[in-house]
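Mapping to the UniProt record's numbering: the sequence shown position 91 is 91, numbers consecutive.
Just so you know, even glycine gets a beta-carbon here, dropped at the ideal spot from N, CA and C.
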Amino acid sequence: MQLRNKKIPWTLEEKNLALTLFYKSPTAYNFLRLQNINLPAPSTIRRWIGHSKFLPGLSGIFFSHIKKKFEHKTNNERSRSISFDEMYIKEFLEYSKDYDFIEGFEDFGHYA
């Protein structure tokens, strides 16, 4: 993490570390910030995540990553299962400027 007070953009490695720490334990993250460890503010992390664009369904990137991770493994090491669980989503309709449609209607997604 950064040691000086100058406003320098966060590196990708610093961003990934901050995101991981924050989402594993927000309490621990805030404790580290109170110990004067220079970490991005929680609002900055939320802004980074807010710029992400996700649609319902399964992402082709996800499957590409899994394929790449296991391509050099033995058949025994490849024996895995993937499970998905539902999550509660608040009923809310909102216009998406990014995708030019109204979000919030039931959507089972698609495989991209």
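Going by the beta-carbon positions, is the gap between Glu106 and Ser96 smaller than 8 Å? no
Strand pairing of Tyr29, partner residues [DSSP]: DSSP lists no partner for Tyr29.
Can you give, in chain order, each stretch of the alpha helix (DSSP H) that sits fully within the region 61-91 and has at least 4 residues? 75-78
Please tell me whether Ala18 and Ile45 are closer than 8 Å, where the distance is taken between their beta carbons. yes
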